[in-house]
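S.K.: Protein sequences appear in the order of chains A, B, C and D.
Residue numbers for the first sequence follow the numbering used here, beginning at 1436 and rising by one.
Residue numbers for the second sequence follow the numbering used here, beginning at 1436 and rising by one.
Residue numbers for the third sequence follow the numbering used here, beginning at 1436 and rising by one.
Residue numbers for the fourth sequence follow the numbering used here, beginning at 1436 and rising by one.
4 protein chains.
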Amino acid sequence: MVKVKLVGAGGYGGIGMVEILHRHPQAELAALVDVQDVGKKLSAVWPYLRGFCDLPLIEAGSKAEQQIDADVVIYATPDGVAQRGAAAEVAKGRKVIDYSGDFRFGSIEVYKEYALRQGLNPEHQAPELLNQSVYGLSEFHREAISQAQVVGNPGCFAISCIMGLAPAVKAGCVEKSGIICDCKTGVSGAGKKPAAPFHYPEQYDNSFAYKLAGHQHVMEIEKELSTLAGEEIQVSFTPQVVPMTRGILSTLYGKLPKDMTQKKALSAYQEFYAGDKFVRVLDATEKSGTGQVRGSNYVNIQVACDERTGVFRAISHIDNLVKGQAGSAAQNLNIMFGLEEGLGLDNPGGHP
Amino acid sequence: MVKVKLVGAGGYGGIGMVEILHRHPQAELAALVDVQDVGKKLSAVWPYLRGFCDLPLIEAGSKAEQQIDADVVIYATPDGVAQRGAAAEVAKGRKVIDYSGDFRFGSIEVYKEYALRQGLNPEHQAPELLNQSVYGLSEFHREAISQAQVVGNPGCFAISCIMGLAPAVKAGCVEKSGIICDCKTGVSGAGKKPAAPFHYPEQYDNSFAYKLAGHQHVMEIEKELSTLAGEEIQVSFTPQVVPMTRGILSTLYGKLPKDMTQKKALSAYQEFYAGDKFVRVLDATEKSGTGQVRGSNYVNIQVACDERTGVFRAISHIDNLVKGQAGSAAQNLNIMFGLEEGLGLDNPGGHP
Amino acid sequence: MVKVKLVGAGGYGGIGMVEILHRHPQAELAALVDVQDVGKKLSAVWPYLRGFCDLPLIEAGSKAEQQIDADVVIYATPDGVAQRGAAAEVAKGRKVIDYSGDFRFGSIEVYKEYALRQGLNPEHQAPELLNQSVYGLSEFHREAISQAQVVGNPGCFAISCIMGLAPAVKAGCVEKSGIICDCKTGVSGAGKKPAAPFHYPEQYDNSFAYKLAGHQHVMEIEKELSTLAGEEIQVSFTPQVVPMTRGILSTLYGKLPKDMTQKKALSAYQEFYAGDKFVRVLDATEKSGTGQVRGSNYVNIQVACDERTGVFRAISHIDNLVKGQAGSAAQNLNIMFGLEEGLGLDNPGGHP
Amino acid sequence: MVKVKLVGAGGYGGIGMVEILHRHPQAELAALVDVQDVGKKLSAVWPYLRGFCDLPLIEAGSKAEQQIDADVVIYATPDGVAQRGAAAEVAKGRKVIDYSGDFRFGSIEVYKEYALRQGLNPEHQAPELLNQSVYGLSEFHREAISQAQVVGNPGCFAISCIMGLAPAVKAGCVEKSGIICDCKTGVSGAGKKPAAPFHYPEQYDNSFAYKLAGHQHVMEIEKELSTLAGEEIQVSFTPQVVPMTRGILSTLYGKLPKDMTQKKALSAYQEFYAGDKFVRVLDATEKSGTGQVRGSNYVNIQVACDERTGVFRAISHIDNLVKGQAGSAAQNLNIMFGLEEGLGLDNPGGHP
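1) Check the Cβ-Cβ distances between T1512 of chain C and every residue of chain D, and say whether any is below 9 angstroms.
2) Going by C-alpha to C-alpha distance, which of D:V1507, D:M1695, D:T1686 and D:S1731 sits closest to K1619 of chain D?
3) Write down every uninterrupted run of the alpha helix (DSSP H) in the segment 1567–1607 of chain D whose length is 4 residues or greater and which is fully enclosed by it, in chain order.
4) Return the bridge partner residues of G1689 of chain A from the DSSP annotation.
5) Mind listing which residues of the segment 1441–1469 of chain A have their C-beta closer than 9 angstroms to chain B's C-betas, in chain order?
6) Answer yes or no: does any C-beta atom of chain C fall closer than 9 angstroms to that of A1700 of chain B?
7) On a CA-only basis, which of B:R1729, B:M1695, B:H1576 and B:C1740 is nearest L1717 of chain B? Give me that one, please.
8) Going along the chain, which residues of its own chain have a beta-carbon closer than 6 angstroms to the beta-carbon of A1700 of chain A, five neighbours each way excluded?
9) When DSSP builds the beta bridges, which residues end up paired with Y1534 of chain B?
10) What is the DSSP secondary structure of Q1675 of chain D, counted as helix, strand or coil?
11) Measure the beta-carbon distance from V1508 of chain C to E1494 of chain C and round it to whole angstroms, keeping in mind my assumption that it falls under 8 angstroms.
12) Check this for me: beta carbons of A1521 of chain C and F1540 of chain C, under 9 angstroms apart or not?
13) Can you list, in chain order, the residues of the segment 1638–1656 of chain C whose Cβ is nearer than 8 angstroms to any Cβ on chain B?
14) Strictly under 9 angstroms for the Cβ-Cβ distance: is R1715 of chain B near chain A by that measure?
15) Roughly how many angstroms lie between the CA atoms of L1551 of chain A and P1557 of chain A, to the nearest whole one?
16) Taking its Cβ as the centre, do 16 or more other Cβ atoms sit within 10 Å of K1658 of chain B, making it buried, or is it exposed?
17) Using 9 angstroms as the threshold, is the C-beta distance between S1751 of chain C and G1621 of chain C below it?
18) Could you tell me which chain C residues have their CB closer than 7 angstroms to the CB of G1784 of chain B, listed as they occur along the chain?
19) Report the neighbours of D1728 of chain D on chain A: residues whose CB is nearer than 7 angstroms to its CB, in chain order.
20) Taking only runs of the beta strand (DSSP E) that begin and end inside the segment 1441–1524 of chain A, which ones reach a length of at least 3 residues, in chain order?
21) Can you tell me where the alpha helix (DSSP H) holding R1552 of chain C begins and where it ends?
22) When you compare the CB positions of H1786 of chain B and Y1733 of chain A, do they come within less than 9 angstroms of one another, or not?
23) Express the C-alpha separation of F1592 of chain D and A1683 of chain D in angstroms, rounding to a whole number.
24) List the residues that DSSP assigns as beta-bridge partners of D1781 of chain C.
25) Output needed in chain order: residues of the segment 1670–1682 of chain A with a Cβ under 7 angstroms from some Cβ in chain B.
26) Counting pairs of beta carbons, one from the segment 1436–1446 of chain B and one from the segment 1464–1484 of chain B, are three or more of them closer than 8 angstroms?
27) Which residue from D:I1597, D:V1585 and D:E1563 puts its Cα closest to that of Y1708 of chain D?
28) Check whether chain C comes within 9 angstroms of P1636 of chain A, counting only Cβ atoms and requiring the distance to be less than that.
29) Can you tell me which of the three DSSP states L1660 of chain B falls into?
30) Out of curiosity, what's the CA-to-CA distance linking E1776 of chain C and G1779 of chain D?
31) Taking a contact to mean a Cβ-Cβ separation below 9 angstroms, would you say F1730 of chain B touches D1711 of chain B in this structure?
32) Buried or exposed for P1460 of chain D, going by 16 or more other Cβ atoms inside 10 Å?
33) Determine, using beta carbons only, whether K1758 of chain B comes closer than 9 angstroms to chain A.
34) Closest Cβ-Cβ distance between D1537 of chain D and chain A: below 9 angstroms?
35) According to DSSP, simplified to helix, strand and coil, what is F1643 of chain C?
36) For the putative contact between I1656 of chain A and V1677 of chain A, defined by C-beta atoms under 8 angstroms, what is the C-beta separation to the nearest angstrom?
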């Protein structure tokens, strides 16, 4: 049994991991850590978990936290937390998986730019770990993840866009310049903290774009796609919120190269993802929607080029809280510990 | 492994059972039967199941259906279907669990009244089975269910009301006359078939009462409560639809007997359900809501007597598609086959 | 033109009044006052109003506020605000309409109890005005409202329950003891301030009861019904939140007197409300729902006694932000200034 | 008073017009015509209209329909209805406004292509009227509309895209090739008829793209933009449904010409729409969302070029049932009869 210490257990990202570990046959929760609701049982904060997970929330930084025994530490925390704690965990021989941007970039310079874009402290607190960390997009970096001590889990938008575009970029189904990511997310992507735009009466019949001046996730997308393409790729990214709770629908556009067709593009996607359990490639006419991946770790990618106008188009669907967050983290955990990649993730979600 | 033949597999009740059996360690799907979408894979009708259940839908009444091997047949079908098929299944030595009203009443006379209230044919097609059938409220009839060949799964409203009222009726926390069931259901209770009131634009910001002249579920409630009380009990029942997908919130009222208090009533509930894994008894001030049982097989019952006005009050929360339907059926299956009652049901649901 | 000074203009209650006055042919906004977003245009806070109401929010208590010229001051503010400001307004000869509990009770003693129940300061700041103030349930107190200097607008739950029960209490369609109010409200009733339970992902598929230990609105309901009945009436009140934005659905129960029937009760309601433009009385089989009054000032009351069990039942539907708040206030304004009662309220709402 | 005969009165497009005419000071309903619910009052079909519009639905084609006196006939009907009825109405000297595609194209050849794309009969039934008909995008064709006998109201997606792109195409803020329209609509765009994808439990937490092989609305968009640009323009169009009832959010992309900037593009938009009451031009950082135009006739257009990647971007927001349908039709009616363009449309909608 892999013993998991879960930091930031009380947020949506934390309880998402609790749900997965509850189903996981070879990993289990060692302890829960948080800065809020300290001392309470997790099931007192989230009563739906009563009888499923009644562990207490241990205070971050407390003596009790020091005494937790674990094989891996999962940081379901915002930017800045994991980079302050990871070195001590690694020193104890533990593996680390972080949900935030702290370990996504593998380079101090790139991290600095990422941090500055968001008004964060640009000095990384664990630069030596950052250099060895691996970007946790399971389907693309299995080998490196399996060897990694520290994995930076990708952002939810980034997973959706990178996985939706990668085969096209790799196989030349799309021209390298002029790529557009039109992304719609459910509200849970904003976390559990109440805020005016997400107050039920404001959100219930309202769709809107935000951060039009630039969104931090675009850096991850460009970095991964550039690596795949072997040349620098820029994408224009438009995040939007629609009145749903779970799901990201990313419609991805670019210029269709002269000889490229829908048929060829579809084949390229099928081939690219042939060995990937959690990817479903769909043709343009198949029934799709974020509802088809709700609660599951699947990415559904629909290839639907518009040959009439010469536009490449792929549509990527994920559950932002599963494949977009806790599911990917669990998949990485499995890979890091040499377990079957889908353990704990054999869940179609509940419909409707 | 218990082999399950699932009839009516393509409806909400069917896919709910598919989800549970997918998690079940000792029962498995033998085959799926339906009258719609015959020949298609279930995962073609419900693409979220691709990779989880790709069995085809076999035509009801076809030769292929005859050849299905099974230990138990679950009818996730409307009134009238199971009573026509059950005898043949029982003759083959199979157990039968039916979601509909066909086998809920154990008596031809009561069934006749039930059928007439709904404009159905009052002649039961398998009267000899009806006489031996058991009402499948797991918590109340474990012994009989464990011996039964045919179990009639209760209606979702009935489960919510009976479980919310039973301890009060049994322990005298409420007077026997004047009981009121104010029930609010999510829309999935109406099934998958589109209808004008449930069209998204009509339903999204609208709550309404319906069938004010009388609802068939009241018969089950009265029958069970009368048995528990040892005298005839009538309840006034008001079904209402609110704009949610899953969940029943039943607020149950009656007259508080002179010496009865909130404290005593709460104790009576705790005692009554002490051995029942899937029941959580809550005090008046605890956080509650249908969201706390969404996706799980739990019944949350909040005891909240209004001592000032002398009104007994209990509030019952279930997921209408789990404890209200497929979850109860699976619980009964476990009991019928001598398995641990919670197998396949160890699922907190996914939040949010 | 009646000139209106609107205090608390930036909340849901404020903008609801702005919408009505925009349509009102004989009343107009003089100025907007608030403590938040001071100096901004209302349409900067609520951009949907750009081009409809671009007045600035004047700081409460500022010199600029002193200089506002007005015939009536509407306090769309929480408890405690109007009672501190009303005396000065009345001294200037202005009429006052208050949304809060400050002027609902007409008696210092009753106010004290109301305040204590909510943990407010029990000392009323304008006791002499309280004594002359009128309870603003337009349909019941037209004469007094037309003479009043200060009107206390009823609570939304109270309007829904009182109007739903009054004819029964008056005409003896229900027994005086054992009345139950089962009330479901949309989320906008909680105002615009974000809070954890109303965060979109928490609220979207969740219904729950709250304040089970006692809700302040019950005092208003009991006071009005007792007056109508000529004897003291107590009601048991259960507030519940369902995932909609607008609307209150109140299902009202009591004991049906021996000779009372659905037919007689329906007649009593029709007669009682014969002269009231904004009340629709419905029979048990008519199509109903909060969606039928969404955006309008109507109260739809469905009479649906359960003769089988001897239970009186009426179901009351309002839009909590219109008839439940700003619409009632506008109706009172019209009455206070001798205008036609429906001015500004001739709006069916927009469907769907 | 302009007397309006409304055909197809019982659909969402019909009741939207009823709501507007109820507020209109110089136009009024003469009669309602439909093929469903004939003989019923409109308020029996849509009870929220009781007391607002209690006219009966007259049977289409009946003698009673022949006898209706009217100045204008509004067809709130699907493709194929208006072209069969319009000639007779015009012969009586009446003006005609049609919601469908019947009179949008002004040319038999283009209509034929439109009809074939949708599997409709390509033979137009009133070719002589088609030749004189005017495309009813009020802001662009005021002069022609004011002279027109027959106006073809634009499709809702088309309004959203054309108005969002026109200034850019006209002023050269975007390159003429490679334009992309990513459009998200609320469910009411599909009309009142229940269908599986829009059943509440299927739609409530689900976003999806559809008609990926080509959508008929693209023809209108290309035709208008080509005329504005003076050269042929093609656009790639992706319709998507998100779980809201009202609203279209269209994110419009293209290549930013070398010297073009956000600042210049914004100015171009402000200038283009300087005289248009119902257009609000927003900068990239202003608060936006479909909720800001819900219930109103406004188009909010946010200009938000991505200079880093050289992508032109504008985001268009409308209420699909107002500016997208009945509101535009009313605006055209006003223009056709020489009335002030905003009559009946002075409504901010009700928030929240």
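Backbone N, C-alpha and C fix where the C-beta goes; we use that ideal spot for every residue, glycine too.
M.R.: For this structure:
1) Within the third sequence, the letter at position 77 stands for residue 1512 of chain C. Not an interface residue.
2) Taking the fourth sequence and counting its residues from 1, one reaches residue 1619 of chain D at position 184. Taking only the C-alpha atoms, the option nearest K1619 of chain D is D:T1686.
3) 1577–1582 and 1591–1606
4) Your numbering for residue 1689 of chain A matches position 254 in the first sequence. The partner list for G1689 of chain A (beta bridge, DSSP) reads A:F1747.
5) Y1447, I1450, G1451, V1453, E1454, H1457 and R1458
6) For the purposes of this step, residue 1700 of chain B is taken as the residue at position 265 of the second sequence. So, not an interface residue.
7) If you number the second sequence from 1, residue 1717 of chain B lands on position 282. Checked all of B:R1729, B:M1695, B:H1576 and B:C1740; the closest Cα to L1717 of chain B is B:C1740.
8) Along the first sequence, one-based indexing puts residue 1700 of chain A at 265. Hits under 6 angstroms: C1608, V1738 and C1740.
9) Here residue 1534 of chain B refers to the residue found at position 99 when the second sequence is read from its first residue. None, per the DSSP bridge assignment.
10) Locating residue 1675 of chain D in the fourth sequence gives position 240, where the first residue counts as 1. If DSSP states are grouped into helix, strand and coil, Q1675 of chain D belongs with the strands.
11) Here residue 1508 of chain C refers to the residue found at position 73 of the third sequence. Here residue 1494 of chain C refers to the residue found at position 59 of the third sequence. Actually they are not in contact, since the Cβ atoms of V1508 of chain C and E1494 of chain C sit about 16 angstroms apart, beyond 8 angstroms.
12) Residue numbering aside, residue 1521 of chain C sits at position 86 when the third sequence is read from its first letter. Residue numbering aside, residue 1540 of chain C sits at position 105 when the third sequence is read from its first letter. Contact flag unset, no.
13) Y1639, D1640, N1641, S1642, F1643, A1644, L1647, A1648 and G1649
14) In the second sequence, the residue the question calls residue 1715 of chain B occupies position 280. Chain A contact via Cβ: present.
15) On the first sequence, position 116 is the one that residue 1551 of chain A refers to. On the first sequence, position 122 is the one that residue 1557 of chain A refers to. Rounded to the nearest angstrom, the two C-alpha atoms are 6 angstroms apart.
16) Sequence index remark: in the second sequence, residue 1658 of chain B carries index 223 (1-based). Its Cβ being crowded by 16 or more others within 10 Å, K1658 of chain B is buried.
17) Taking the third sequence and counting its residues from 1, the one referred to as residue 1751 of chain C is at position 316. Taking the third sequence and counting its residues from 1, the one referred to as residue 1621 of chain C is at position 186. It is not a contact, given that the beta carbons lie outside the stated cut-off.
18) Counted from its first residue, the second sequence places residue 1784 of chain B at position 349. What G1784 of chain B touches in chain C: nothing, since even the nearest Cβ is about 10 angstroms away.
19) For this step, residue 1728 of chain D is matched to residue 293 along the fourth sequence. Inspection of the sequence shows that residue 1728 of chain D is occupied by Val rather than by Asp. Within 7 angstroms Cβ-Cβ: nothing; V1728 of chain D doesn't reach chain A, min ~10 angstroms.
20) 1462–1469, 1492–1494 and 1507–1510
21) For the purposes of this step, residue 1552 of chain C is taken as residue 117 along the third sequence, with counting starting at 1. Note, R1552 of chain C: alpha helix (DSSP H), I1543 to R1552.
22) As a first step, residue 1786 of chain B is located in the second sequence; it is residue number 351 there, counting from the start. As a first step, residue 1733 of chain A is located in the first sequence; it is residue number 298 there, counting from the start. Cβ distance not < 9 angstroms, so H1786 of chain B and Y1733 of chain A don't count as in contact.
23) Against the fourth sequence, residue 1683 of chain D aligns to sequence position 248. Against the fourth sequence, residue 1592 of chain D aligns to sequence position 157. For the sequence presented, residue 1683 of chain D should be read as Ile rather than Ala. Distance between the alpha carbons of I1683 of chain D and F1592 of chain D is about 7 angstroms.
24) Position 346 of the third sequence, counted from the first residue, corresponds to residue 1781 of chain C. Its beta-bridge partners do not exist; DSSP assigns none.
25) T1680
26) yes
27) By one-based count along the fourth sequence, residue 1708 of chain D stands at place 273. Checking every option, the nearest Cα to that of Y1708 of chain D belongs to D:I1597.
28) Start at 1 with the first residue of the first sequence, and residue 1636 of chain A comes out as number 201. Chain C contact via Cβ: present.
29) Your numbering for residue 1660 of chain B matches position 225 in the second sequence. L1660 of chain B: helix per DSSP, three-state reduction.
30) The residue labelled residue 1776 of chain C in the question sits at position 341 within the third sequence. The residue labelled residue 1779 of chain D in the question sits at position 344 within the fourth sequence. C-alpha separation (whole angstroms): 22 angstroms.
31) Start at 1 with the first residue of the second sequence, and residue 1730 of chain B comes out as number 295. Start at 1 with the first residue of the second sequence, and residue 1711 of chain B comes out as number 276. Note that residue 1730 of chain B corresponds to Gly in the displayed sequence, not to Phe. Not closer than 9 angstroms, so no.
32) Stepping through the fourth sequence from its first residue, residue 1460 of chain D is reached at position 25. So P1460 of chain D counts as exposed.
33) Within the second sequence, residue 1758 of chain B is the residue found at index 323, counting from 1. By this cut-off, K1758 of chain B is not an interface position.
34) Position 102 of the fourth sequence holds residue 1537 of chain D. Chain A, which has no Cβ nearer than 9 angstroms to the Cβ of D1537 of chain D, makes this no.
35) What you label residue 1643 of chain C is simply residue 208 of the third sequence in a count that begins at 1. Of the three classes helix, strand and coil, the one that applies to F1643 of chain C here is strand, per DSSP.
36) For the purposes of this step, residue 1656 of chain A is taken as the residue at position 221 of the first sequence. For the purposes of this step, residue 1677 of chain A is taken as the residue at position 242 of the first sequence. Not really, about 20 angstroms apart at Cβ, beyond 8 angstroms.
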